[in-house]
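Take a look at the structure below.
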């Protein structure tokens with residue numbers, strides 16, 4: 080049994096939960112699901128802005144503005160880029176809203192995570208949860224968080240909750256080692 084053990088008080092912010100959700104999503108999907116996800120993103124961020132751009136120019140024309148042929152050369156790409164940025168922002172907002180919902184729950188607001196060779200323990204004021212490393216899909220290190228993925232569930236451990244960056248890196252290496260050994 081290893082002597083390595085970390086106990087961290089977790090009070091995540093929206094950015095940390097968002098990062099953890101994205102990390103869990105990436106490692107949880109197989110190749111065909113990743114292709115489907117990319118196709119959805121392409122469809123929403125290309126075709127929706129293209130349609131919105133055309134609709135905007137039709138409305139401008141109907142309102143007595145310049146005809147399509149008379150618009151400045153850069154009007155089409157600039158309008159398309161603006162609608163594309165809006166579509167991407169809206170897609171991202173759905174994940175940000177889920178992160179906010181997670182943080183507003185009693186479970187997500189605050190918990191104590193204990194990680195050791197025997198698994199992960201989470202304690203809140205209302206409950207205690209344990210999972211062994213065999214049930215952990217992946218442990219992912221990000222800029223702000225270490226994410227423990229259980230199925231498609233993201234459990235963020237903010238790097239700032241550890242003693243220092245080296246402590247967070249040591250914890251990440253140990254967790255990844257334990258997760259691999261548990262498979």
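In my numbering, the protein residues as written are 80 to 262.
Glycine is no exception: its CB is placed at the ideal position from the N, C-alpha and C atoms.
Quick caveat: nothing in here was measured; it's all calculated off a predicted structure.
Rounded distance between the beta-carbons of residue j and residue i, thought under 8 Å
{"i": "residue 226", "j": "residue 103", "result": "6 Å"}
{"i": "residue 241", "j": "residue 89", "result": "Going by Cβ atoms, the distance from residue 241 to residue 89 rounds to 11 Å, so no, they are not a contact pair."}
{"i": "residue 96", "j": "residue 178", "result": "4 Å"}
{"i": "residue 182", "j": "residue 93", "result": "6 Å"}
{"i": "residue 107", "j": "residue 231", "result": "4 Å"}
{"i": "residue 150", "j": "residue 162", "result": "Residue 150 to residue 162, Cβ: 15 Å. No contact."}
{"i": "residue 84", "j": "residue 192", "result": "About 11 Å; that fails the 8 Å criterion."}
{"i": "residue 261", "j": "residue 212", "result": "3 Å"}
{"i": "residue 237", "j": "residue 223", "result": "6 Å"}
{"i": "residue 233", "j": "residue 127", "result": "Not really, about 27 Å apart at Cβ, beyond 8 Å."}
For residue i: DSSP bridge partner residues
{"i": "residue 190", "result": "89"}
{"i": "residue 237", "result": "224"}
{"i": "residue 232", "result": "229"}
Simplified DSSP assignment, three categories, for residue i
{"i": "residue 151", "result": "coil"}
{"i": "residue 252", "result": "helix"}
{"i": "residue 164", "result": "helix"}
{"i": "residue 118", "result": "helix"}
{"i": "residue 131", "result": "helix"}
{"i": "residue 84", "result": "strand"}
{"i": "residue 100", "result": "helix"}
{"i": "residue 171", "result": "helix"}
{"i": "residue 112", "result": "helix"}
{"i": "residue 156", "result": "helix"}
{"i": "residue 246", "result": "helix"}
{"i": "residue 262", "result": "coil"}
{"i": "residue 144", "result": "coil"}
Query raised in the report: Counting Cβ pairs, one atom from each stretch, are 3 or more of them under 8 Å apart for the stretch 206–221 and the stretch 246–262?
Result: yes
Requested in this report: Kindly provide the ranges of any beta strand (DSSP E) runs that are 3 or more residues long and lie completely inside the stretch 177–225, ordered along the chain.
Outcome: 190–195, 198–202, 207–210 and 217–220
Query raised in the report: Hey, is the stretch 165–185 in contact with the stretch 119–133, meaning 3+ C-beta pairs nearer than 8 Å?
Result: yes
Query - Meets three-Cβ-pair contact criterion under 8 Å: the stretch 131–140 and the stretch 150–161 - result: yes
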